[in-house]
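Novice: Below is a structure I'd like to ask you about.
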Amino acid sequence: MMISRSDLRAALRERRRALSADQQVSAGEGLYKTLSARPELFDGQHIAVYIANDGEINPDALRDYLWASGKQCYLPVVGQGSSKDLMFIEYLPDTQLALNRFGIPEPSHHGARQILPEELDIVFVPLTGFDTSGRRLGMGGGFYDRTFAFTRTSEKPKLIGLAHECQKVASIPVEHWDIPMAAIATDCQFYLMP
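Using numbering that gives the first Met the number 0, you'd call the opening residue of the sequence shown number 0 and step up by one each time.
Put into structure tokens, the structure is as follows:
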């Protein structure tokens, strides 16, 4: 019997939350090492990252590298009201963050530079779970899937999932709306999808 997506999501969230603070720091460093070994990933100028939350692997070292390389970084902002789309706001070292309705830090979109999802070159996507076929399991809100549904017929932006290696499973149950990743990077490995 196959485990349900919601049960799998709960188990994988618990797995990543069980990592100690030292393990989280080490994983973030490992992630940076995995990605920095692949400079071809950073050909674009407009790159979306995220602020780690709920045990997600921390991309702070990656973000610092992007800033040092002169790249423009953006953070996802959850749409207002019942919107299930993400907006992307420029993220600078002095950007002030506030918690959104889900308790996730994000920048204010008032007066900030916003970019359309289609204008991004690379999006680093937080994963709850993944398999080596590029299928991902998110938090269940559908925000990334809805926002990037257009990538089924577009090569841009490149979607790269980020996760702890311990979030890898044999197979993720797929729904028709799920958007596959072009690649997945963990603290230990880089998985390039065919």
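All C-beta atoms, glycine included, are put in the ideal place defined by N, C-alpha and C.
Computed from a predicted model, the values in this text were never measured in an experiment.
Grab me the residues of Thr-150's own chain with a C-beta within less than 8 Å of its C-beta, minus the 5 sequence neighbours each way, in chain order.
Specialist: Pro-156, Leu-158 and Ile-178
Novice: In the DSSP assignment, what are the bridge partners of Arg-135?
Specialist: Phe-129
Novice: Could you tell me whether the segment 48 to 57 touches the segment 101 to 116, where touching means 3 or more Cβ pairs closer than 8 Å?
Specialist: yes
Novice: Quick check on Gln-113: buried or exposed, where buried means 16 or more other Cβ atoms within 10 Å of its Cβ?
Specialist: That one is exposed.
Novice: Just reading off the alpha helix (DSSP H) that Glu-28 is part of, what are its end residues?
Specialist: Its alpha helix (DSSP H) spans residues 20 to 35.
Novice: Under 8 Å: do the segment 121 to 128 and the segment 51 to 65 share three or more Cβ pairs, one atom per stretch?
Specialist: yes
Novice: Distance, Cα to Cα, Tyr-31 vs Met-86?
Specialist: 25 Å
Novice: Quick check on this structure: which residue in Asp-130, Gln-79, Asp-93 and Gly-110 has the alpha carbon closest to the alpha carbon of Arg-100?
Specialist: Gln-79
Novice: Straight-line CA distance for Leu-40 to Leu-34?
Specialist: 8 Å
Novice: Taking the DSSP output, what are the residues bridged to Gly-160?
Specialist: Val-124 and Ile-183
Novice: Which stretch, first to last residue, makes up the alpha helix (DSSP H) that contains Ala-60?
Specialist: 59 to 67
Novice: Measure from the alpha carbon of Ala-67 to the alpha carbon of each residue in Pro-92, Ser-5 and Asp-130, then state which is nearest.
Specialist: Closest by alpha carbon: Pro-92.
Novice: Just to confirm my understanding: we take Gly-160, look at its own chain, exclude 5 residues before and 5 after, and list those with CB closer than 6 Å. What are they?
Specialist: Val-124, Leu-126, Phe-129, Arg-135, Met-180 and Ile-183
Novice: Given this structure, state the Cα-to-Cα distance separating Pro-75 from Glu-118, to the nearest angstrom.
Specialist: 14 Å
Novice: Please report the distance separating the alpha-carbon of Asp-144 from that of Glu-174.
Specialist: 11 Å
Novice: What number of angstroms, rounded off, separates the C-alpha of Met-192 from the C-alpha of Thr-131?
Specialist: 8 Å
Novice: Would you mind sorting Ile-88 into buried or exposed? The rule is 16 or more other CB atoms within 10 Å of its CB.
Specialist: buried
Novice: Using 8 Å as the threshold, is the C-beta distance between Gln-44 and Gln-71 below it?
Specialist: yes
Novice: Might you give, ordered along the chain, the residues of its own chain that have their beta carbon closer than 6 Å to the beta carbon of Gly-141, omitting 5 neighbours on each side?
Specialist: Lys-83
Novice: Kindly indicate the opening and closing residues of the beta strand (DSSP E) around Phe-142.
Specialist: Careful: Phe-142 lies outside any beta strand (DSSP E), inside the alpha helix (DSSP H) at 142 to 146.
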